[in-house]
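Offset between the sequence shown (1-based) and our numbering: plus 2. Virtual Cβ for every residue (Gly too), placed ideally from N, Cα, C.
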Amino acid sequence: MSPFEWILAGCIAVMTVALVSGLVLILRTSDFLTRAVLSDLIFYAMLCIFLTWTLTHSTSIGYEVALLAAIAGGVLPTLSMARIISKGRR
(Lines of atoms letter the chains of each structure in order from A and count residues from 1; the text may use other names and numbers.)
(Lines give C-alpha, C1' and ligand atoms only; values in the text may rest on other atoms or scores of the structure.)
Protein backbone atom coordinates (compact mmCIF):
# COMPACT_ATOMS: atom_id res chain seq x y z
CA MET A 1 0.00 0.00 0.00
CA SER A 2 1.17 3.48 -0.81
CA PRO A 3 1.23 6.30 1.77
CA PHE A 4 -1.80 7.84 0.05
CA GLU A 5 -3.77 4.63 0.56
CA TRP A 6 -2.76 4.56 4.24
CA ILE A 7 -4.03 8.12 4.67
CA LEU A 8 -7.30 7.23 2.94
CA ALA A 9 -7.67 4.16 5.16
CA GLY A 10 -7.25 6.37 8.22
CA CYS A 11 -9.84 8.81 6.88
CA ILE A 12 -12.29 5.97 6.25
CA ALA A 13 -11.69 4.70 9.79
CA VAL A 14 -12.47 8.13 11.28
CA MET A 15 -15.62 8.43 9.16
CA THR A 16 -16.70 4.94 10.22
CA VAL A 17 -16.32 5.88 13.89
CA ALA A 18 -18.47 8.97 13.29
CA LEU A 19 -21.08 6.88 11.49
CA VAL A 20 -21.26 4.26 14.23
CA SER A 21 -21.45 6.89 16.98
CA GLY A 22 -24.33 8.54 15.10
CA LEU A 23 -26.12 5.20 14.86
CA VAL A 24 -25.68 4.63 18.60
CA LEU A 25 -27.01 8.09 19.37
CA ILE A 26 -30.05 7.54 17.13
CA LEU A 27 -30.86 4.38 19.06
CA ARG A 28 -30.43 6.09 22.45
CA THR A 29 -32.33 9.35 21.85
CA SER A 30 -36.08 9.85 21.78
CA ASP A 31 -36.03 13.36 20.26
CA PHE A 32 -37.26 13.27 16.66
CA LEU A 33 -35.34 16.39 15.66
CA THR A 34 -32.07 14.87 16.84
CA ARG A 35 -32.86 11.69 14.94
CA ALA A 36 -33.51 13.67 11.77
CA VAL A 37 -30.20 15.51 12.04
CA LEU A 38 -28.32 12.30 12.78
CA SER A 39 -29.90 10.56 9.80
CA ASP A 40 -28.32 13.26 7.63
CA LEU A 41 -25.00 12.65 9.37
CA ILE A 42 -25.23 8.93 8.61
CA PHE A 43 -26.17 9.56 4.97
CA TYR A 44 -23.28 11.94 4.41
CA ALA A 45 -20.83 9.68 6.26
CA MET A 46 -21.77 6.74 4.03
CA LEU A 47 -21.42 8.93 0.97
CA CYS A 48 -18.01 10.22 2.09
CA ILE A 49 -16.78 6.70 2.81
CA PHE A 50 -17.83 5.59 -0.66
CA LEU A 51 -16.29 8.57 -2.42
CA THR A 52 -13.05 8.21 -0.45
CA TRP A 53 -12.95 4.53 -1.37
CA THR A 54 -13.38 5.38 -5.06
CA LEU A 55 -10.18 7.45 -5.02
CA THR A 56 -8.15 4.25 -5.08
CA HIS A 57 -10.62 1.82 -6.68
CA SER A 58 -11.79 2.75 -10.15
CA THR A 59 -15.52 2.29 -10.61
CA SER A 60 -17.72 3.22 -13.51
CA ILE A 61 -20.52 4.53 -11.33
CA GLY A 62 -18.59 6.68 -8.81
CA TYR A 63 -19.38 9.98 -10.52
CA GLU A 64 -23.08 9.13 -10.91
CA VAL A 65 -23.39 8.25 -7.23
CA ALA A 66 -21.84 11.57 -6.25
CA LEU A 67 -24.16 13.48 -8.57
CA LEU A 68 -27.28 11.67 -7.38
CA ALA A 69 -26.29 12.12 -3.76
CA ALA A 70 -25.75 15.84 -4.30
CA ILE A 71 -29.23 16.18 -5.71
CA ALA A 72 -31.00 13.87 -3.29
CA GLY A 73 -28.82 14.83 -0.33
CA GLY A 74 -29.16 18.56 -0.86
CA VAL A 75 -32.86 19.00 -1.47
CA LEU A 76 -34.73 16.20 0.24
CA PRO A 77 -33.17 16.42 3.72
CA THR A 78 -33.76 20.17 3.77
CA LEU A 79 -37.43 19.72 3.01
CA SER A 80 -37.88 16.88 5.48
CA MET A 81 -36.02 18.80 8.20
CA ALA A 82 -38.32 21.80 7.69
CA ARG A 83 -41.37 19.54 8.02
CA ILE A 84 -40.01 17.95 11.20
CA ILE A 85 -39.13 21.29 12.80
CA SER A 86 -42.52 22.79 11.97
CA LYS A 87 -44.24 19.55 13.13
CA GLY A 88 -46.07 19.17 9.83
CA ARG A 89 -47.53 22.68 9.74
CA ARG A 90 -47.40 24.50 6.42
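Exercise. Out of Ile86, Ala72, Pro79, Gly24, which has the shortest C-alpha to C-alpha gap to Leu53?
Worked result: Ala72
For this session: Enumerate in chain order the residues of its own chain whose CB-to-CB distance from Ala11 is below 8 Å, with the five nearest sequence positions on each side excluded.
Result: Apart from the 5 residues on each side of it in sequence, Ala11 sits with its Cβ closer than 8 Å to the Cβ of Met3 in its chain, given in chain order.
Problem set entry | Burial state of Leu35 (16 or more Cβ within 10 Å) | exposed
Exercise. Using a Cβ-Cβ cut-off of 6 Å (strictly less than) and excluding sequence neighbours within five positions of Ala20, which residues of its own chain qualify?
Worked result: Ala47
For this session: Identify every run of the alpha helix (DSSP H) within the region 5 to 65, keeping only runs that are complete inside it and at least 4 residues long; order them along the chain.
Result: List check, alpha helix (DSSP H) in window: 5 to 30, 34 to 55.
Exercise. If you check the beta carbons only, do Ile51 and Gly24 fall under 9 Å apart?
Worked result: no
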